[in-house]
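K.L.:
Once you've had a glance at the structure underneath, I'll fire off some questions.
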Amino acid sequence: MCHKNAIEKIAIDQTSNLSITSTLSDRPLCQPHLTNVPQVGRLVDEEYMEVGKVSWTMYLEYIRAFGFKLALAFMVVLFGLSSTAETVANIWMAKWTSQLNHETAQTKYLAIYGISAIMNCIGIGIAGLIFSWGAFIASTRLHDTLVSSLLRSPMSFFDTTPMGRILNRLSNDIERADESLPLTLSFMCILLSVVFQCIVTIVIVIPPLLALAIPLFIFFVMLVRYYTATSVQLRRLVSKSWSLVTSYVQDSYLGADSVRIFNAVDRFQTQMRQMSDMTIECDHTEITSNRWIQVRLDLLTQTVVFGFIMIAIYLGDLHIISMGILALVITNGST
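For what it's worth, the UniProt record's numbering labels the leading residue of the sequence shown as 1, then goes sequentially.
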């Protein structure tokens with residue numbers, strides 16, 4: 001009787017184990033998602049994603065890592081020296097060309113124009129060196145801060161944070177801080193200096209154009225703010241999707257035996273394709289949004305250039321401005 005009960009108990013245990021195994025084998029893997037859904041009784045925390053515009057504290061953190069003195073020196077040299085020298089050179093060239101029919105000291109014009117051009121080159125070179133050094137310091141400080149915070153984190157952090165998420169911070173995010181962010185900031189500062197120099201030059205030679213530039217600038221700011229809200233959120237989605245892919249590959253690699261035992265290779269491949277498609281969709285949408293803003297900014301810029309040139313030509317026909325000033329306005333407007 002005891003042997004019979006033992007056999008029945010073993011049979012029940014085996015049936016229960018087979019039922020559990022079948023349930024685990026038939027249970028579908030969770031679908032990839034990017035929303036914060038509460039998970040009750042889950043060890044690994046869901047990755048938090050910010051919503052809305054980037055806080056000004058983030059910009060201040062990078063400026064602090066860059067160095068306030070270096071940032072101030074860069075702005076002074078770029079806008080105070082380089083842009084000013086470029087503006088003086090352009091205005092002086094316009095004045096020089098307007099005086100070609102008169103007996104003037106050509107050496108004087110050539111010397112002042114040459115000094116302005118040399119000062120512009122020196123300013124650009126010094127600004128480039130300052131920015132390169134500051135970007136190097138900022139990247140080093142951000143990397144050291146990240147590594148230091150990881151080394152000081154408690155073990156509970158590593159128990160609740162997937163390794164792929166940590167690797168994404170140490171790879172993609174640091175790569176952006178080392179390369180993408182400095183290149184973008186340097187390009188933005190150069191464009192701002194060029195725009196500043198062109199607007200100042202045009203306003204100096206034709207002051208009434210300032211009334212046309214102010215509303216266009218307001219419209220430009222509104223358009224950029226509308227685009228920035230979408231672009232920032234898309235970049236966050238791309239970063240989080242990469243974290244999900246990296247974590248999934250890491251966990252699947254560590255649990256490869258379990259994947260094969262439960263015959264879940266096909267489900268792993270399906271899940272991987274879904275997550276890859278999700279990441280590519282986010283990345284493609286971000287690229288498309290960049291083209292969207294580029295088309296509209298180009299259209300706005302060409303409209304402004306056309307308006308400035310038409311006004312300058314009209315004033316030139318009325319002999320209010322000289323041909324040299326007209327050429328200067330057309331050149332700066334096209335730039």
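Ideal placement from N, C-alpha and C gives every residue a C-beta, glycine not left out.
CB Ile202 to CB Val54, shorter than 8 Å?
P.N.:
Contact flag unset, no.
K.L.:
Whose C-alpha, out of Asn263, Ala127 and Ile261, is nearest the C-alpha of Phe187?
P.N.:
Of the listed residues, the one whose Cα sits closest to Phe187 is Ala127.
K.L.:
If you check the beta carbons only, do Val238 and Asp266 fall under 8 Å apart?
P.N.:
Against a cut-off of 8 Å, the Cβ pair of Asp266 and Val238 comes out as no contact.
K.L.:
Quick one: does Glu86 have its CB under 8 Å from some CB of chain B?
P.N.:
Any reference to chain B falls outside this structure, which holds one protein chain only.
K.L.:
Can you round the beta-carbon distance between Thr97 and Gly316 to whole angstroms, since I take them to be within the 8 Å contact cut?
P.N.:
No, Thr97 and Gly316 are not in contact; Cβ-Cβ is about 13 Å, not under 8 Å.
K.L.:
Relative to the C-alpha of residue 336, which residue among Ser322, Ala327 and Ile280 is closest?
P.N.:
An answer regarding residue 336 cannot be provided, because it is not within the stretch 1 to 335 covered by the chain.
K.L.:
Please determine, among Gln294, Phe74, Val245 and Met93, the residue with the shortest C-alpha to C-alpha distance to Trp133.
P.N.:
The shortest Cα separation from Trp133 among Gln294, Phe74, Val245 and Met93 belongs to Phe74.
K.L.:
Please return the same chain residues whose Cβ sits closer than 7 Å to the Cβ of Tyr59, not counting the five positions on each side in sequence.
P.N.:
Contacts found: none.
K.L.:
I'd like the list of long-range same chain contacts for Met93, defined as Cβ closer than 8 Å, with 5 residues on each side in sequence excluded.
P.N.:
So the qualifying residues of the chain are Tyr113, Gly324 and Leu328.
K.L.:
In whole angstroms, give me the CA-to-CA distance for Val295 and Thr331.
P.N.:
Distance between the alpha carbons of Val295 and Thr331: 22 Å.
K.L.:
Anyone know if the C-beta pair for Ser241 and Met272 falls short of 8 Å?
P.N.:
Not in contact: Ser241 and Met272 (Cβ atoms no closer than 8 Å).
K.L.:
Would you call Pro207 buried or exposed, if buried means 16 or more other Cβ atoms sit within 10 Å of its Cβ?
P.N.:
Counting Cβ neighbours within 10 Å, Pro207 comes out exposed, since fewer than 16 surround it.
K.L.:
What are the boundary residues of the alpha helix (DSSP H) that Val195 is part of?
P.N.:
From DSSP, the alpha helix (DSSP H) with Val195 extends over Leu181 to Val205.
K.L.:
Which residue's Cα is closest to the Cα of Val194: Asn120, Leu181, Phe68 and Glu286?
P.N.:
Minimum Cα distance to Val194 is reached at Asn120.
K.L.:
Is the CB-CB distance between Glu286 and Arg235 below 8 Å?
P.N.:
Yes, they are a contact pair.
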